[in-house]
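Notes to accompany the following structure.
Protein chains: 2
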Amino acid sequence: MDKLDILQKHISLKVDIDSADLDRFVALTTPRTIEKGEFFIRSGQVARYQAFVLKGVLASYSIDTKGEKHVVQIAIEGHWISDLYSFLSKEPAVFTIEALEKSELLLMSNENHERACDEIPVFERFFRLLTQNALVHHQRRISHIYSESAEDRYLNLIKEKPEIAQSVPQHYLASFLGIKPQSLSRIRKKIAENAR
Amino acid sequence: MDKLDILQKHISLKVDIDSADLDRFVALTTPRTIEKGEFFIRSGQVARYQAFVLKGVLASYSIDTKGEKHVVQIAIEGHWISDLYSFLSKEPAVFTIEALEKSELLLMSNENHERACDEIPVFERFFRLLTQNALVHHQRRISHIYSESAEDRYLNLIKEKPEIAQSVPQHYLASFLGIKPQSLSRIRKKIAENAR
DNA sequence: CGTCTATTTGAATGTACTCAAAAGCGGTGG
DNA sequence: CCACCGCTTTTGAGTACATTCAAATAGACG
Chain A
1 MDKLDILQKH ISLKVDIDSA DLDRFVALTT PRTIEKGEFF IRSGQVARYQ AFVLKGVLAS
61 YSIDTKGEKH VVQIAIEGHW ISDLYSFLSK EPAVFTIEAL EKSELLLMSN ENHERACDEI
121 PVFERFFRLL TQNALVHHQR RISHIYSESA EDRYLNLIKE KPEIAQSVPQ HYLASFLGIK
181 PQSLSRIRKK IAENAR
Chain B
197 MDKLDILQKH ISLKVDIDSA DLDRFVALTT PRTIEKGEFF IRSGQVARYQ AFVLKGVLAS
257 YSIDTKGEKH VVQIAIEGHW ISDLYSFLSK EPAVFTIEAL EKSELLLMSN ENHERACDEI
317 PVFERFFRLL TQNALVHHQR RISHIYSESA EDRYLNLIKE KPEIAQSVPQ HYLASFLGIK
377 PQSLSRIRKK IAENAR
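So the sequence lines, in the order shown, correspond to chains A and B. Heads up: the first sequence runs through residues 1 to 196, numbered per the numbering used here. Heads up: the second sequence runs through residues 197 to 392, numbered per the numbering used here.
Structure below.
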């Protein structure tokens, strides 16, 4: 089962886990395949699950009063995604999460997440470390949004996650970078000209 | 000791804790007073501590290649602050953390943080929930940076944290909002004019 | 009081924006 | 297989908002 290898590798990066515990973890999840364009979470509904991405890509975005999407996260293989606030509080989600291609997920319900944390200390530790990492990442991201130009953020993005640049339509990337698709197109044009 | 009340109230919001555990928690911290303008953490040095703010205000910012500051967090009473990445990894900090006024802190070293999480399950839970909350907050913030104008972000800020608008110099607020002090000044002028 | 820093204001500039249209690309059905 | 449709990306022209540079005013602190 090389799908589980992805999960095991991911968990082992943070905590020591034996195969019995890994099985317990997996038992708390349910696999799901999601088609391109399908929604994992719709804003306004409660996010009952968080998802670990085994394969594929999903994007999480808010929609503002003008109907504009604002992508806050792009999750590829080996990442977790959900509307965390909704997942934890059972309040309606503010983010919409959409599959950008056919993807395979492991879903964990809120109940099972709580159970895992309550009953198995190593899982509570795992989720603490996972969340700490994500927080560090978000702090960095805010700092980059403020200190770097859109062009630099784009260059960093394709350097750090080249696979995203391949598989994700540009208007999602633009939104993730906080700019309009037209602007990203012009930035790309400029980069291409400078490279010549 | 009403200082400890602040801590107890803060912890009790997330987990049930008895007074013996609270004492154990406090025993893992050391109090520190920090003067206005002093640095709690300097970028380039390892952040050995995280701080719980009992009183006062601190700001965490990065400094870019042009020497510009970019404030990523403003911590008031009842908040934790550190360069989390450095604190967790023992790598040099990228953020500088400065007291904006005379403040009282409870410091927790990395060793004691790990000990607390290892030895006292309720503390590991506490820190997990604390970090989850912070992550939710950061995701929201990114979404707001993208979807709201600087003016709206400023109005929200003074609505949600009026005490910050009082005590924090405007150029720090401007930086926190991702704009220059001149721009904030103009935004305030415009708001004042519209209010007339 | 005087110095230093923060804030405000003015004028010119720049970067990303909007609106609009053209070109490119992918998938579907004839 | 190709023509057509819908959606994405590119390009153009004019605009808006924050920026830069510069200077004046206001405020804080010794």
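Here a beta-carbon is modelled for each residue, glycine too, at the ideal position from N, C-alpha and C. Computed from a prediction, not measured in an experiment: that's the story for all the values here.
query: Whole-number beta carbon distance between B:L254 and B:F236, since they are thought to touch under 8 Å; result: 6 Å
query: Near-chain A residues of the segment 317-347 of chain B (beta-carbon distance less than 7 Å), N- to C-terminal order; result: P317, E320, R321, F323, R324, T327, Q328, A330, L331, V332, H334, Q335, R337, I338, S339, I341, Y342, S343
query: Status (buried if at least 16 other CB within 10 Å, exposed otherwise) for B:L373; result: buried
query: 8 Å Cβ cutoff met for A:A99 and A:W80; result: no
query: Proximity test, Cβ basis, 8 Å: B:H266 and chain A; result: yes
query: The beta strand (DSSP E) enclosing B:T226, as first and last residue numbers; result: 225-230
query: Close Cβ partners of B:P365 (< 8 Å) along its chain, the five nearest in sequence each way excluded; result: L296
query: 6 Å CB neighbourhood of B:E347 in its chain, flanking five on each side removed; result: I383
query: Residues that A:L157 contacts on chain B, provided the C-beta gap is smaller than 9 Å; result: None at all; the shortest Cβ gap to chain B is about 14 Å.
query: Completely contained beta strand (DSSP E) runs for the segment 1-76 of chain A, where each covers 3 or more residues; result: 29-34, 39-41, 49-55, 57-63, 69-76
query: Within chain B, the residues that A:Y85 reaches when beta carbons sit closer than 8 Å; result: V332, Q335, R336
query: Contact with chain B by A:D21, beta-carbon distance below 8 Å; result: no
query: When B:Y368, B:S381, B:K385 are compared against B:K265, the one with the closest alpha-carbon; result: B:Y368
query: Within chain A, the residues that B:S374 reaches when beta carbons sit closer than 9 Å; result: Looking at the sequence itself, residue 374 of chain B is Gly, so the reference to Ser does not match. Result: I142, I145, Y146.
query: Beta-carbon separation (whole angstroms), A:S86 vs A:A47, contact threshold 8 Å; result: 4 Å
query: Alpha carbon of B:I202 to alpha carbon of A:S89, nearest angstrom; result: 24 Å
query: Range of the contiguous alpha helix (DSSP H) that encloses B:L326; result: 317-343
query: A:S82 versus A:T29: straight-line alpha-carbon distance, rounded; result: 14 Å
query: From B:L280, B:S299, B:K357, residue whose alpha carbon lies closest to that of B:R228; result: B:S299
query: Chain A within 8 Å of B:S258, Cβ atoms only; result: yes
query: Three-way DSSP call (helix, strand, coil) for B:A295 in this model; result: strand
query: Nearest-angstrom Cβ-Cβ length linking A:V72 and B:S339, presumed shorter than 8 Å; result: 5 Å
query: A:I179 - DSSP class collapsed to helix/strand/coil; result: coil
query: Distance, B:A223 Cα to B:S208 Cα; result: 17 Å
query: Neighbouring residues, chain A, relative to B:L369 (Cβ below 9 Å); result: The premise fails here: B:L369 is roughly 13 Å from chain A at the closest Cβ pair, so nothing lies under 9 Å.
query: A:A174 classed as buried or exposed, judged by whether at least 16 other C-beta atoms fall within 10 angstroms; result: buried
query: Proximity of B:S345 and A:S147 at Cβ, strictly below 8 Å; result: no
query: Among B:I387, B:E310, B:D217, the one whose alpha carbon lies nearest that of B:L351; result: B:I387
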